[in-house]
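Visitor: Residue numbers (our numbering): 514 to 726. Note that beta-carbon positions come from the ideal geometry of N, C-alpha and C, so glycine has one too. First, the structure itself, so that you have it in front of you.
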């Protein structure tokens, strides 16, 4: 069936926030767990929601830790995020082709709005599903299914795209095709182990997939 919609994760997929996320966690950990975490250790915290991460690491202090994370992250956001090659240009071409697009993320709507503004890509997305919109985050299928419902798209007509296992599993659990991105901080081999339908080596690969059907 022809692809009519693309569902994107945001962090590490459309906007390079990896350095921001890692440095924010290191700031938090250097204060809370001095000397116990390296930047490499922080890679496993890219993808899960902040609540999931701090429920695991600091049970009973989740809200306080999230507050500290958000404060440092907000102050340093614009300084530490960078763009991936041809992301905005490709989104523009997909939009012109009539492809509906949504963001499906574990971030809050407020944080997503800030990132989209930096990326200058707000105009391309018909639907945004963030942490505030669901009871269960990826890899639960709820966020993906909600995006499909809001777009008015059938499962067979959509692809879920992301840089993390949560994105691939979330799409699979919702019954949609999936695509990993080779620019993931966790690497191609890591994503391939979750058996995505496609592996994007460049953002423009999406144009070949959509046009080739």
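(1) Count the other C-beta atoms from every protein chain shown that fall within 10 angstroms of the C-beta of residue 577, then say buried if there are 16 or more, exposed otherwise.
(2) Can residue 689 and residue 673 be called in contact, C-beta distance under 7 Å?
(3) Could you tell me which residues DSSP pairs with residue 672 in its beta bridges?
(4) Are there three or more Cβ pairs, one per stretch, closer than 8 Å when the stretch 680-687 is compared with the stretch 565-580?
(5) Would a C-beta distance cut-off of 7 Å place residue 582 and residue 563 closer than the cut-off?
(6) Would residue 642 and residue 656 be called neighbours here (beta carbons separated by less than 7 Å)?
(7) In whole angstroms, what is the alpha-carbon distance linking residue 609 and residue 594?
(8) How is the beta strand (DSSP E) around residue 578 delimited, first residue to last?
(9) For residue 529, list the residues DSSP reports as bridge partners.
(10) Can you tell me where the beta strand (DSSP E) holding residue 707 begins and where it ends?
(11) Can you list, in chain order, the residues of its chain with a C-beta nearer than 7 Å to that of residue 635? Leave out the 5 residues immediately preceding and following it.
(12) Using a Cβ-Cβ cutoff of less than 6 Å, which residues in the same chain neighbour residue 660 once the five nearest sequence positions on both sides are dropped?
(13) Where does residue 613 fall in DSSP's three states?
(14) For residue 715 and residue 597, what's the separation of their Cα atoms in angstroms?
Guide: With the structure as the only source:
(1) Here the question's residue 577 lines up with position 64 in the chain shown. Result: exposed.
(2) Numbered from 1 along the chain shown, position 176 holds the residue referred to as residue 689. Numbered from 1 along the chain shown, position 160 holds the residue referred to as residue 673. In contact: residue 689 and residue 673 (Cβ atoms closer than 7 Å).
(3) If you number the chain shown from 1, residue 672 lands on position 159. Beta-bridge pairing links residue 672 to 519 and 690.
(4) no
(5) Here residue 582 is taken as the residue at index 69 of the chain shown, counted from 1. Here residue 563 is taken as the residue at index 50 of the chain shown, counted from 1. Going by C-beta atoms, residue 582 is nearer than 7 Å to residue 563.
(6) Taking the first residue of the chain shown as position 1, residue 642 is located at position 129. Taking the first residue of the chain shown as position 1, residue 656 is located at position 143. A contact, by the Cβ cut-off of 7 Å.
(7) Taking the first residue of the chain shown as position 1, residue 609 is located at position 96. Taking the first residue of the chain shown as position 1, residue 594 is located at position 81. Roughly 27 Å separates the two Cα atoms.
(8) Residue numbering aside, residue 578 sits at position 65 when the chain shown is read from its first letter. No beta strand (DSSP E) holds residue 578; the alpha helix (DSSP H) holding it covers 575-593.
(9) As a first step, residue 529 must be located in the chain shown, where it is residue number 16. 595, per the DSSP bridge assignment.
(10) Within the chain shown, residue 707 is the residue found at index 194, counting from 1. Looking at the DSSP string, residue 707 is not in any beta strand (DSSP E), and its letter there is neither H nor E.
(11) Looking up residue 635 in the chain shown gives position 122. Closer than 7 Å at Cβ, skipping near neighbours: 629.
(12) The residue you call residue 660 lines up with position 147 of the chain shown. Answer for residue 660: 520, 615, 617, 640 and 642, listed in chain order.
(13) What you label residue 613 is simply residue 100 of the chain shown in a count that begins at 1. Strand at residue 613.
(14) Reading the chain shown from its first residue, position 202 is the one you call residue 715. Reading the chain shown from its first residue, position 84 is the one you call residue 597. Those two C-alpha atoms are separated by around 9 Å.
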